[in-house]
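Participant: Numbering (our numbering), first residue to last: 67 to 822. Below is one structure. I have some questions about it.
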């Protein structure tokens with residue numbers, strides 16, 4: 067902006083130069099559409115080498131022409147590609163997880179359709195920051211922690227996973243019917259008279275996510291005994307919270323009472339629903355929550371209402387369940403445990419066997435159930451001590467079933483297919499047999515939880531059109547490339563259907579790309595190709611080229627045996643290599659256009675046969691001594707001599723596309739600028755600089771810039787009527803380089819000199 071002087075002195079003003087550099091776009095980003103062994107369907111996947119393709123699409127497959135084409139693309143100099151896999155009737159794999167009461171609560175669906183989704187494993191555990199309410203979930207290598215089923219929670223499962231996961235999306239399935247109230251239960255405490263004092267008398271309580279209510283406890287708490295004082299404290303807390311209700315039902319109906327079974331404080335929200343919860347927070351000063359063991363961090367248990375619709379932990383633990391145990395099995399004779407009845411061997415998750423010795427002392431308790439629970443506790447303790455660093459041992463459990471018929475359940479601390487528990491007897495010791503861990507015992511090895519029902523089917527030639535040229539709205543088939551910013555070369559390996567190629571050509575024109583088409587496999591001989599190119603089977607376009615014949619390469623799947631393959635991927639790699647080494651204005655053909663990896667062709671052409679095809683616009687692949695297989699043609703599908711097209715040659719069309727795309731992207735700054743001579747001069751300056759840089763690289767014909775190109779943008783190209791309609795017209799011309807197809811050498815004899 068102009069300087070506004072206010073004081074005597076020197077002012078500095080920066081003036082824009084008007085130079086806006088136009089960067090040339092890439093010219094050899096390839097798009098591949100076809101079938102593959104595995105991978106995302108109808109999704110454009112960016113790959114930078116063949117290893118990327120193997121990771122995402124499974125590598126080579128005899129049923130996938132595209133897999134060989136992509137490999138050849140990178141082998142011949144390609145560096146950047148987008149791959150779209152197509153399949154028929156693809157469906158996404160899914161799994162519906164249930165809660166502890168077998169209700170459907172969470173549906174997990176693979177993002178990518180097809181069988182690949184069936185390889186996604188799901189794991190759920192409660193080792194979260196609040197084990198009573200939240201959960202962790204994993205999908206293969208992706209893990210999401212501290213998730214809630216409450217849609218109002220910042221860690222709501224759908225909000226955290228969807229849009230972040232590269233594998234799945236999730237949806238809560240439960241309708242929230244029957245959701246109860248949230249609670250907060252303290253740990254077991256002693257006499258509150260010993261816990262509370264003038265430096266420990268405050269806490270804060272948040273109910274249903276409300277602002278925390280500050281609670282200050284009046285001391286001393288009245289009561290004749292421990293129970294009475296606890297009841298009085300609970301009553302005081304309840305009154306304080308309710309007093310802050312101000313019409314909030316969750317607070318006005320809030321309850322706080324002692325647990326009937328032990329010295330615990332039980333708080334409950336006054337309003338049911340998905341957001342129903344109670345959180346006890348430390349007081350801002352003189353905190354009492356820690357002393358009272360309230361809040362998760364202090365040993366309390368805070369259970370949100372939605373915890374009942376959490377998915378259960380999965381996969382299950384590997385278990386060994388004993389046969390039915392009765393009182394006589396423990397009392398004997400011989401009594402369990404006791405002399406010669408105190409040991410057995412255990413193997414968990416394939417580790418071991420290890421000796422478990424629970425000692426010979428009598429089991430504690432007065433009843434059969436108490437005796438059995440005592441034995442279970444001793445087994446659990448001893449097993450955990452064996453390998454404390456091994457999850458299977460460290461989290462091992464031994465419990466007694468709640469059923470009328472009592473059994474011991476030994477469970478590995480790990481989960482999934484490798485989770486196992488195996489018990490064997492120690493020679494001369496009867497504990498394993500006495501506890502029915504051998505005879506009558508049943509082992510359960512859980513399967514991993516996988517997404518299921520992802521599917522896809524092969525398609526016939528008759529069905530191919532609707533697969534390749536699918537819904538543009540849904541971005542399927544070729545239109546999956548709508549998500550790609552730029553691609554320059556389009557390959558449909560092995561696809562020769564006229565309808566598909568016609569639509570592919572139209573899409574290339576729209577995207578300023580170039581179609582590399584394969585000759586049909588039915589064109590075995592040059593005469594077949596002459597008939598084909600003379601008809602309507604191929605689009606008559608200067609946005610594409612056709613190559614004949616098919617090539618033969620070593621097949622890694624068959625020990626190097628030759629396989630006949632579509633040439634488009636190899637040719638696309640050649641285009642990329644030529645662009646990199648010589649420039650897009652150089653025809654991708656000639657003796658330096660070696661086709662790497664090509665050991666032969668399906669039909670070996672002679673010069674005469676080549677001579678019948680070249681004038682019709684067919685680019686041939688030739689095999690010459692010394693040079694090997696090379697690209698030997700540079701014509702577009704409008705390259706027939708009779709058509710006399712100005713875009714007869716591939717490099718001419720591709721240079722035009724390069725200039726068009728570069729100027730399209732590099733002149734967006736012009737939009738909404740004042741449409742007058744200052745703008746026009748900037749346009750001439752910037753586009754002229756871009757064209758001159760190409761001239762200096764040798765992209766144009768001509769010795770001087772004036773002979774090579776021009777840029778015109780002035781009142782002649784943009785009239786007042788154009789200005790009134792918001793239009794600025796820019797005229798750019800260039801003198802293209804055209805390949806020397808025919809080298810004609812004229813030889814004549816020199817007559818001997820005659821003396822005169």
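Positions of the beta carbon are idealized from the N, C-alpha and C atoms, including for glycine. Quick caveat: nothing in here was measured; it's all calculated off a predicted structure.
Going by alpha carbons, who is nearest to residue 375 out of 313, 613, 168, 93?
Facilitator: Residue 375 sits at position 309 when you count from the first residue of the chain shown. Comparing Cα-Cα distances from residue 375 to each of 313, 613, 168, 93, the minimum goes to 168.
Participant: Check whether the Cβ atoms of residue 270 and residue 347 sit closer than 7 Å, and answer yes or no.
Facilitator: Here residue 270 corresponds to residue number 204 of the chain shown, with the count starting at 1. Here residue 347 corresponds to residue number 281 of the chain shown, with the count starting at 1. Going by C-beta atoms, residue 270 is nearer than 7 Å to residue 347.
Participant: May I ask you to report which of helix, strand or coil DSSP gives residue 629?
Facilitator: Position 563 of the chain shown, counted from the start, is the residue given in the question as residue 629. Residue state, collapsed to three classes: strand.
Participant: Between which two residues does the beta strand (DSSP E) containing residue 259 stretch?
Facilitator: Position 193 of the chain shown holds residue 259. Residue 259 -> not in any beta strand (DSSP E); alpha helix (DSSP H) instead, spanning 258–261.
Participant: From the DSSP output, in three-state form, read off residue 420 for me.
Facilitator: Along the chain shown, one-based indexing puts residue 420 at 354. Note: residue 420 maps to strand in three-state DSSP.
Participant: With distances taken Cα to Cα, identify the nearest neighbour of residue 281 among 298, 310, 255.
Facilitator: The residue labelled residue 281 in the question sits at position 215 within the chain shown. Among 298, 310, 255, the Cα nearest to that of residue 281 belongs to 310.
Participant: CA-CA distance, residue 467 and residue 442?
Facilitator: The residue labelled residue 467 in the question sits at position 401 within the chain shown. The residue labelled residue 442 in the question sits at position 376 within the chain shown. Answer to the nearest angstrom: the Cα atoms are 11 Å apart.
Participant: Which residues in the same chain as residue 644 place their Cβ atom closer than 6 Å to its Cβ, once the five residues preceding and following it in sequence are excluded?
Facilitator: The residue labelled residue 644 in the question sits at position 578 within the chain shown. For residue 644, where only same-chain residues beyond five positions count, the Cβ hits under 6 Å are 652, 654.
Participant: Tell me whether residue 748 counts as near the ligand ADP, meaning its Cβ is closer than 6 Å to at least one heavy atom of that ligand.
Facilitator: For the structure depicted, the ligand ADP is absent and the ligand set is empty, with no information on it obtainable.
Participant: How is the alpha helix (DSSP H) around residue 646 delimited, first residue to last?
Facilitator: Translated into positions along the chain shown, residue 646 becomes position 580. First-last of the alpha helix (DSSP H) with residue 646: 634–647.
Participant: Are residue 255 and residue 179 close, meaning C-beta to C-beta below 7 Å?
Facilitator: For the purposes of this step, residue 255 is taken as the residue at position 189 of the chain shown. For the purposes of this step, residue 179 is taken as the residue at position 113 of the chain shown. Result no, Cβ atoms of residue 255 and residue 179 do not sit closer than 7 Å.
Participant: Going by the CB atoms, is the gap between residue 612 and residue 583 shorter than 7 Å?
Facilitator: Taking the first residue of the chain shown as 1, we reach residue 583 at position 517. Taking the first residue of the chain shown as 1, we reach residue 612 at position 546. Cβ atoms of residue 583 and residue 612: closer than 7 Å.
Participant: Determine the burial state of residue 435: buried for a count of at least 16 other Cβ atoms within 10 Å of its Cβ, exposed for fewer.
Facilitator: The residue you call residue 435 lines up with position 369 of the chain shown. The residue is exposed, with fewer than 16 neighbouring Cβ atoms inside 10 Å.
Participant: Using the beta-carbon count (16 or more within 10 Å), is residue 193 buried or exposed?
Facilitator: Position 127 of the chain shown, counted from the start, is the residue given in the question as residue 193. So residue 193 ends up on the exposed side.
Participant: Mapping DSSP to helix, strand and coil, what is residue 318?
Facilitator: For the purposes of this step, residue 318 is taken as the residue at position 252 of the chain shown. DSSP places residue 318 in helix when its eight states are reduced to three.
Participant: To which residues of the same chain is residue 195 closer than 6 Å at the C-beta, ignoring the five residues directly before and after it?
Facilitator: The count along the chain shown starts at 1 and reaches residue 195 at position 129. Once the five neighbours on either side are set aside, the close Cβ partners of residue 195 are 212.
Participant: On the premise that residue 253 lies in contact with residue 335, defined as a C-beta separation below 8 Å, what is that separation, rounded to the nearest angstrom?
Facilitator: As a first step, residue 335 is located in the chain shown; it is residue number 269 there, counting from the start. As a first step, residue 253 is located in the chain shown; it is residue number 187 there, counting from the start. No, residue 335 and residue 253 are not in contact; Cβ-Cβ is about 20 Å, not under 8 Å.
Participant: Three or more C-beta pairs closer than 8 Å, one from the segment 392–410 and one from the segment 180–189: is that the case here?
Facilitator: With the cut-off at 8 Å, the segment 392–410 and the segment 180–189 do not touch.
Participant: Taking residue 517 and residue 156 to be in contact with their CB atoms under 8 Å, please state how far apart those CB atoms are, rounded to whole angstroms.
Facilitator: One-based indexing of the chain shown puts residue 517 at position 451. One-based indexing of the chain shown puts residue 156 at position 90. Contact flag wrong, Cβ pair sits at about 14 Å.
Participant: Buried or exposed for residue 134, going by 16 or more other Cβ atoms inside 10 Å?
Facilitator: Counted from its first residue, the chain shown places residue 134 at position 68. Flag for residue 134 reads buried.
Participant: Quick check on residue 813: buried or exposed, where buried means 16 or more other Cβ atoms within 10 Å of its Cβ?
Facilitator: Numbered from 1 along the chain shown, position 747 holds the residue referred to as residue 813. Flag for residue 813 reads exposed.
Participant: Alpha carbons only, please: which of 778, 779, 780, 759 is nearest the one belonging to residue 770?
Facilitator: Locating residue 770 in the chain shown gives position 704, counting from the first residue. Of the candidates 778, 779, 780, 759, the one whose C-alpha sits nearest the C-alpha of residue 770 is 759.
Participant: Leaving out the 5 sequence neighbours to the left and right, which residues in its chain are closer than 6 Å to residue 476 when beta-carbon positions are compared?
Facilitator: By 1-based counting over the chain shown, the position of residue 476 is 410. Once the five neighbours on either side are set aside, the close Cβ partners of residue 476 are 386, 464, 487.
Participant: For residue 411, write down the residues that DSSP places opposite it in a beta bridge.
Facilitator: The sequence position of residue 411 within the chain shown is 345, counting from 1. DSSP output for residue 411 lists 421, 490 as bridge partner(s).
Participant: If I'm right that residue 113 touches residue 147 with Cβ under 8 Å, what's the distance once you round it to whole angstroms?
Facilitator: Along the chain shown, read from residue 1 onward, the residue named residue 113 stands at position 47. Along the chain shown, read from residue 1 onward, the residue named residue 147 stands at position 81. Indeed they touch by this definition, with Cβ atoms about 5 Å apart.
Participant: Enumerated in chain order, which unbroken segments of the beta strand (DSSP E) with a length of 3 residues or greater are wholly contained in the segment 677–726?
Facilitator: Here the runs fully enclosed are 684–690, 694–698.
Participant: How is residue 324 classed by DSSP in three states: helix, strand or coil?
Facilitator: Numbered from its first residue, the chain shown carries residue 324 at position 258. Strand, per DSSP.
Participant: Helix, strand or coil, according to DSSP, for residue 391 in the structure here?
Facilitator: Taking the first residue of the chain shown as position 1, residue 391 is located at position 325. Of the three classes helix, strand and coil, the one that applies to residue 391 here is strand, per DSSP.
Participant: For a quick check, are the C-beta atoms of residue 190 and residue 161 less than 7 Å apart?
Facilitator: Here residue 190 corresponds to residue number 124 of the chain shown, with the count starting at 1. Here residue 161 corresponds to residue number 95 of the chain shown, with the count starting at 1. No, Cβ-Cβ distance for residue 190 and residue 161 is not below 7 Å.
Participant: Can residue 123 and residue 635 be called in contact, C-beta distance under 7 Å?
Facilitator: Taking the chain shown and counting its residues from 1, one reaches residue 123 at position 57. Taking the chain shown and counting its residues from 1, one reaches residue 635 at position 569. No.
Participant: Buried or exposed: where does residue 744 fall if 16 or more other Cβ atoms within 10 Å of its Cβ makes it buried?
Facilitator: As a working note, residue 744 is residue 678 in the chain shown. When all chains shown are included, residue 744 counts as exposed.
Participant: Out of 233, 184, 215, 222, which one is the CA nearest neighbour of residue 208?
Facilitator: Along the chain shown, one-based indexing puts residue 208 at 142. Nearest option by C-alpha distance: 233.
Participant: So what does residue 582 bridge to, in DSSP terms?
Facilitator: What you label residue 582 is simply residue 516 of the chain shown in a count that begins at 1. BP columns for residue 582 point to 557, 611.
Participant: How big is the Cα-Cα spacing for residue 259 and residue 368?
Facilitator: Along the chain shown, read from residue 1 onward, the residue named residue 259 stands at position 193. Along the chain shown, read from residue 1 onward, the residue named residue 368 stands at position 302. In a straight line, the C-alpha of residue 259 is about 24 Å away from that of residue 368.
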